[in-house]
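Novice:
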Amino acid sequence: MKIVKYAAGMLGAALLPTGAALAAWELNMPVGVTELSRDIHGLHMMIFWICVLIACAVFGVMIYSIVKFRHSQGAVPANFDHSTKAEIIWTIIPVAILVGMAIPAAATLVKIEDTRNSNLTIKVTGYQWKWEYEYLDQKVKFFSTLARDSDAARQTGSGVDPSTVPNYLLEVDKPLVVPVNAKVRVLLTSNDVIHAWWVPAFGMKKDAIPGFVNELWFRADEPGIYRGQCAELCGRDHGFMPVVVHVKSQAEYDSWLAEQQGGGTPAAAAAQVENAAPVTAAAAE
8 MKIVKYAAGM LGAALLPTGA ALAAWELNMP VGVTELSRDI HGLHMMIFWI CVLIACAVFG
68 VMIYSIVKFR HSQGAVPANF DHSTKAEIIW TIIPVAILVG MAIPAAATLV KIEDTRNSNL
128 TIKVTGYQWK WEYEYLDQKV KFFSTLARDS DAARQTGSGV DPSTVPNYLL EVDKPLVVPV
188 NAKVRVLLTS NDVIHAWWVP AFGMKKDAIP GFVNELWFRA DEPGIYRGQC AELCGRDHGF
248 MPVVVHVKSQ AEYDSWLAEQ QGGGTPAAAA AQVENAAPVT AAAAE
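In case it helps, this note's numbering puts the sequence shown at residues 8 to 292.
(1) Given this structure, state the Cα-to-Cα distance separating residue 60 from residue 53, to the nearest angstrom.
(2) Judging by CA-CA distance, which residue of 187, 156, 191, 185 is the nearest neighbour of residue 175?
(3) The beta strand (DSSP E) that contains residue 107, what's its start and end?
(4) What's the gap between the Cα of residue 212 and the Cα of residue 238?
(5) Using only alpha-carbon positions, find the residue among 234, 185, 200, 205 that is nearest to residue 259.
(6) Would residue 150 be called buried (16 or more neighbouring beta carbons within 10 Å of its own) or exposed?
(7) Quick one: grab the DSSP three-state call for residue 236.
(8) Distance check for residue 244 and residue 161, CA to CA, integer angstroms please.
(9) Going by beta carbon distance, what residues of the same chain come within less than 7 Å of residue 182, once the five residues before and after it are set aside?
(10) Ordered along the chain, which non-local residues of its own chain (more than five positions away) have a Cβ less than 7 Å from that of residue 210?
(11) Please state whether the Cβ-Cβ distance between residue 216 and residue 195 is less than 9 Å.
(12) Compare the beta carbon distance of residue 206 and residue 226 with 9 Å and say whether it is the shorter of the two.
(13) My guess is that residue 200 and residue 257 are in contact by the Cβ rule of under 8 Å, so how many angstroms apart are they, rounded?
(14) Do residue 122 and residue 34 have their CB atoms nearer than 9 Å?
(15) Round the Cβ separation of residue 197 and residue 133 to the nearest angstrom and send it over; I've been treating them as touching at under 8 Å.
(16) Which complete alpha helix (DSSP H) runs does the segment 141-192 hold, if anything under 4 residues is left out?
(17) Please report the distance separating the alpha-carbon of residue 28 from that of residue 170.
(18) Grouping DSSP H, G and I as helix and E and B as strand, with all else coil, what is residue 248?
(19) Can you tell me whether residue 120 is buried or exposed? The criterion is at least 16 other CB atoms within 10 Å of its CB, across all chains shown.
(20) How is the alpha helix (DSSP H) around residue 54 delimited, first residue to last?
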């Protein structure tokens with residue numbers, strides 16, 4: 008008996024998540040740093056609570072009926088086979104609930120797909136296993152690959168402990184850089200297989216498909232470094248092509264852009280961005 012109890016205790020301990028696993032165990036979707044992520048989270052919570060209320064009402068009526076009208080209390084079954092009034096009611100109520108949920112959901116979906124009046128357009132191309140970023144009309148283009156320390160630590164027999172590498176597998180050599188509070192339009196495609204560009208803090212994820220151009224947009228409200236990954240199984244090194252976005256102030260972004268363009272002045276770079284006309288979906292096509 009002691010052996011059985013000991014084995015059961017060891018099994019229970021093995022099944023319990025570790026401290027690190029608990030730290031990353033989030034039951035709800037996060038609220039990001041963009042208006043789209045907040046809108047999506049708000050829609051999610053609204054639908055969630057509607058479903059909770061429906062579940063409480065349905066199961067409440069079921070439990071009440073089971074307890075109140077049980078055979079031991081002398082309940083007598085009804086002698087009718089259907090009720091037209093009841094059928095009309097339980098058809099109208101679900102339809103009204105679905106329509107009520109569809110209206111805000113449709114409004115959010117329309118907003119997600121509205122890439123008009125963007126301040127900056129960036130073409131993102133997926134490769135096995137890296138990203139290429141091209142700032143349209145800015146003459147800036149570069150590849151973004153896994154940082155060297157993460158790449159070394161992932162190699163079998165490298166002798167490098169991954170736990171000692173900051174942001175292991177979530178750091179790159181050249182991040183995407185965008186200005187804060189700017190509407191950034193992202194054009195997504197692929198050079199080989201299907202990839203997916205995903206940054207959780209932006210609330211956006213979309214596939215990069217060879218021969219097609221998908222698009223999304225985001226407007227980051229807070230400067231900072233935001234990390235994501237390829238979210239589509241794209242081959243052997245799928246787990247080694249992270250996405251890193253640096254959101255900078257406008258002045259810092261202008262300086263970075265001037266440096267990438269080959270030593271131009273930040274003022275000239277800022278003027279180029281401000282004078283660029285917003286790119287519409289029709290123009291891109």
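For every residue, glycine included, the Cβ atom is placed at its ideal position computed from N, Cα and C.
Owing to the predicted nature of the structure, the values given are computational and were not obtained by experimental measurement.
Specialist: Per the coordinate set shown:
(1) 11 Å
(2) 156
(3) First-last for residue 107: 91-120, but that is the alpha helix (DSSP H), not the beta strand (DSSP E).
(4) 8 Å
(5) 185
(6) exposed
(7) strand
(8) 11 Å
(9) 151, 251, 252, 253
(10) 39, 41, 43, 44, 47
(11) yes
(12) no
(13) 36 Å between Cβ atoms; not a contact.
(14) no
(15) 4 Å
(16) 155-160
(17) Confidence at residue 28 is low in this model, with a pLDDT of 49, below 50, so the placement of that residue is unreliable and no value is reported for it.
(18) coil
(19) exposed
(20) 42-75
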